[in-house]
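Participant: Residue numbers (our numbering): 842 to 977. Beta carbons: idealized from backbone N, C-alpha and C, even for Gly. These figures come from a predicted structure and were not determined experimentally.
Here is the structure:
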């Protein structure tokens with residue numbers, strides 16, 4: 842079971858890299874688009890990071906659900922699962938923004954993207970709190 846925890850954490854860390862980095866990269870992608878009038882290297886890097894981390898997310902979630910099942914679903918795992926669901930929605934929304942950016946559409950301001958990015962940090966902190974403190 843320790844190896845499952847290690848792989849779960851490894852995959853989650855990889856997924857969180859994308860959750861935290863892609864919204865910020867979209868800010869710079871838009872600036873690059875405005876300067877070049879087309880997709881540049883940052884666009885390709887952002888799309889690759891987003892796609893790669895999707896697989897890590899799936900593995901991390903599956904391992905997390907399996908571990909929760911092995912532990913008998915204590916109360917804190919329900920909270921963690923709900924919060925991970927929120928991060929998954931955030932990740933999906935980020936994917937929509939990447940899809941729009943590929944077409945040269947950037948519907949949100951830099952400030953909006955920064956706030957959007959910070960929301961994921963707050964949710965991740967809540968997950969860490971649930972896992973470490975195990976409030977119920």
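Would you call the CB atoms of residue 902 and residue 925 closer than 8 Å?
Facilitator: Here residue 902 refers to the residue found at position 61 of the chain shown. Here residue 925 refers to the residue found at position 84 of the chain shown. Yes. Within cutoff.
Participant: Hey, how far is the Cα of residue 886 from the Cα of residue 952?
Facilitator: Locating residue 886 in the chain shown gives position 45, where the first residue counts as 1. Locating residue 952 in the chain shown gives position 111, where the first residue counts as 1. Each residue's Cα considered, the two are about 22 Å apart.
Participant: Let me know the secondary structure DSSP gives residue 825 once reduced to three states.
Facilitator: Because the chain is modelled from 842 through 977, residue 825 falls outside the range shown and cannot be assessed.
Participant: Residue 940 lies in the alpha helix (DSSP H); which residues open and close that run?
Facilitator: As a position in the chain shown, residue 940 is number 99, starting the count at 1. Per DSSP, residue 940 belongs to the alpha helix (DSSP H) from 916-943.
Participant: Would you mind giving the Cβ-Cβ distance between residue 866 and residue 883, rounded to the nearest angstrom? I have them listed as a contact below 8 Å.
Facilitator: To locate residue 866, count along the chain shown from 1; it is residue 25. To locate residue 883, count along the chain shown from 1; it is residue 42. So it is a contact: roughly 6 Å between Cβ atoms.
Participant: Three-state secondary structure (DSSP) at residue 888?
Facilitator: The residue given as residue 888 occupies position 47 in the chain shown. Helix, per DSSP.
Participant: To the nearest angstrom, how far is it from the Cα of residue 938 to the Cα of residue 863?
Facilitator: Locating residue 938 in the chain shown gives position 97, where the first residue counts as 1. Locating residue 863 in the chain shown gives position 22, where the first residue counts as 1. So the alpha carbons of these two residues sit roughly 10 Å apart.
Participant: Here's the rule I'm using: 16 or more other beta-carbon atoms within 10 Å means buried, otherwise exposed. How should residue 919 be labelled?
Facilitator: Here residue 919 is taken as the residue at index 78 of the chain shown, counted from 1. Classification for residue 919: exposed.
Participant: Taking the alpha helix (DSSP H) that residue 912 falls in, what are its first and last residues?
Facilitator: Taking the first residue of the chain shown as 1, we reach residue 912 at position 71. From DSSP, residue 912 is part of no alpha helix (DSSP H); its letter is neither H nor E.
Participant: Expressed to the nearest angstrom, what Euclidean distance is found between the alpha-carbon atoms of residue 931 and residue 860?
Facilitator: The residue given as residue 931 occupies position 90 in the chain shown. The residue given as residue 860 occupies position 19 in the chain shown. If I take the Cα positions, the gap works out to 8 Å.
Participant: What's the gap between the Cα of residue 888 and the Cα of residue 915?
Facilitator: Translated into the one-based positions of the chain shown, residue 888 becomes position 47. Translated into the one-based positions of the chain shown, residue 915 becomes position 74. Residue 888 and residue 915: Cα-Cα distance of roughly 37 Å.
Participant: Can you tell me which of the three DSSP states residue 849 falls into?
Facilitator: Taking the first residue of the chain shown as position 1, residue 849 is located at position 8. Note: residue 849 maps to helix in three-state DSSP.
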